[in-house]
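Number of protein chains: 2
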Amino acid sequence: MKISQASEETGLSAYTLRYYEKLGFIEPTKDSTGYRNYSYDDLELLNWIACLKKSGMTLDSIKRYVQVERYSDSAAQVELLDMHLEKLFQQQEDIKHYIEVTQNKLRTLRSNIDH
Amino acid sequence: MKISQASEETGLSAYTLRYYEKLGFIEPTKDSTGYRNYSYDDLELLNWIACLKKSGMTLDSIKRYVQVERYSDSAAQVELLDMHLEKLFQQQEDIKHYIEVTQNKLRTLRSNIDH
DNA sequence: TAAAACCTTCGAGCATACTCTAACGCAAGA
DNA sequence: TCTTGCGTTAGAGTATGCTCGAAGGTTTTA
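In order, the protein sequences belong to chains A and B. Going by my numbering, the first sequence opens with residue 353, and the numbers climb by one from there. Going by my numbering, the second sequence opens with residue 353, and the numbers climb by one from there.
As C-alpha cells, then:
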C-alpha cells in the first residue's frame, strides 16, 4: 500500500509517516522506483504508535518502545508499558481533580450571575 | 512578594512568570527600582492558570479566559469553562480507552512471556 | 501523448511554550 | 566597601512535533 493510503488508514499525514520513518519507527519497503510500500504490520504498528502518542507518550519514549519491540524483548516491552499505564492512571486522577476544580469555579460563577 | 518567591509559590519559573506577563496574563506592580511585586490576587490567578494549563488548555485559550475575567464578564467565563469542562470529560473518556488498550497489550505480552 | 495526480529527497519553516544569555542595576551581609 | 545574589531588559535559542517548498521522477487517466 502506498503512502497516501497508509495515511488515510492511520489518520497520520504522509509528512508524519515519513517523519516517523526518519525516527526509525517503521521501515516500509521500497519498490523499483523508490515508492514506499506499507505492509499491514506497518499499519498495525503505526496505529499502536498513534494510540501511544495520543495518550501522551513522547516520540522519544515511543522510540525506545519500538526498539525493544524490534528485539522481541517482551520483558522490556512490559516494563515500558507498565510505566506508561502508571502515567495514564495518574492522568486519570489529575483530570478527575481538574474537573472538580473547574466545576467548583463554574458553580461560583453561576451563583454570581444568578444573584 | 518578589519574583523568586512568586515562582516558588506557584511552581512556575521566574522566566515563565515574565513570559506570562508579556502575554498579558498578569500585571504585577513595580517598585521604585523596577522590581516586580506580586499580590496574593496575582498568585491566585497564576495558580488557576497553572491548573488550566496542566489540564491541557493552550496559552491562547487561557489568554481569552483572562481577558473575559478582566472585564468581569461572568457569562463569557462560564461559556469558556463549560467548553473546557467538555474537553476534560472527553479526555477522561479517551484515557479510559487508552488504559484498556494498554492493559490488553500487556496481557498479550505477559502470556507470551509465561508460556 | 499530455495533463493531472501521485511519488521522491532534502532542508527549511512553523507553532507552542518556554528557557536562557548578555549586560546591566540594586540590595544585603561580612 | 566589596562581594554575592537577586532583580531588570531585549532578544536569541531550545525542544517537540510536525509541515511545507522546491525540484524533480512516476503513474494514471482522458
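Backbone N, C-alpha and C define an ideal beta-carbon position, used for all residues, glycine too. Owing to the predicted nature of the structure, the values given are computational and were not obtained by experimental measurement.
Interface criterion not met: the Cβ of Ser356 (chain A) is under 8 Å from no Cβ in chain B. Excluding five sequence positions before and after Tyr417 (chain A), the CB atoms of its chain that fall closer than 6 Å to its own CB belong to Leu432, given in chain order.
For Ile414 (chain B), the enclosing alpha helix (DSSP H) begins and ends at Leu411 to Arg422.
For Arg388 (chain B), the number of other beta carbons within 10 angstroms of its own is at least 16, and it is reported as buried.
Thr381 (chain A) sits in a strand when the DSSP states are folded into three classes.
Sequence-distant partners of Arg370 (chain B) (beyond 5 residues in either direction) whose C-beta falls short of 7 Å from its own C-beta are missing from its chain. In this chain, the alpha helix (DSSP H) harbouring Asp394 (chain B) covers Tyr392 to Lys406. For Leu375 (chain B), no alpha helix (DSSP H) encloses it, and the DSSP letter there is neither H nor E. Nearest neighbour of Asp393 (chain B) by Cα position, chosen from B:Leu375, B:Leu404 and B:Met353, turns out to be B:Met353.
In the DSSP assignment, Met353 (chain A) falls outside any alpha helix (DSSP H), carrying neither H nor E.
Closer than 8 Å to the CB of Lys457 (chain A) there is at least one CB belonging to chain B. Among the residues facing chain B, Leu411 (chain A) is not included, as its CB has no counterpart in that chain under 8 Å away. Separation of Asp383 (chain A) and Ser426 (chain A) (C-alpha to C-alpha, rounded to the nearest whole angstrom) is 32 Å.
For Asp466 (chain B), the enclosing alpha helix (DSSP H) has its first and last residue at Ser426 to Asp466. With respect to the 8 Å criterion, Arg462 (chain A) and Val430 (chain B) are classified as neighbours on the basis of their beta carbons.
Listed along the chain, the chain B residues whose CB falls inside 7 Å of the CB of Val453 (chain A) are Cys403. The C-alpha of Thr381 (chain A) lies about 42 Å from the C-alpha of Lys405 (chain B).
Judged by beta-carbon spacing, Ala358 (chain B) lies within the 8 Å limit of Leu395 (chain B), meaning their Cβ atoms are closer than that value. Looking only at B:Ser391, B:Ser407 and B:Gly363, the smallest Cα-Cα distance to Thr454 (chain A) is reached by B:Ser407. Scanning B:Cys403, B:Arg422 and B:Lys439 for the CA closest to the CA of Phe377 (chain B) turns up B:Arg422. Neighbours of Val418 (chain B) across chain A, judged by C-beta separation under 9 Å, do not exist; the nearest C-beta is about 14 Å away.
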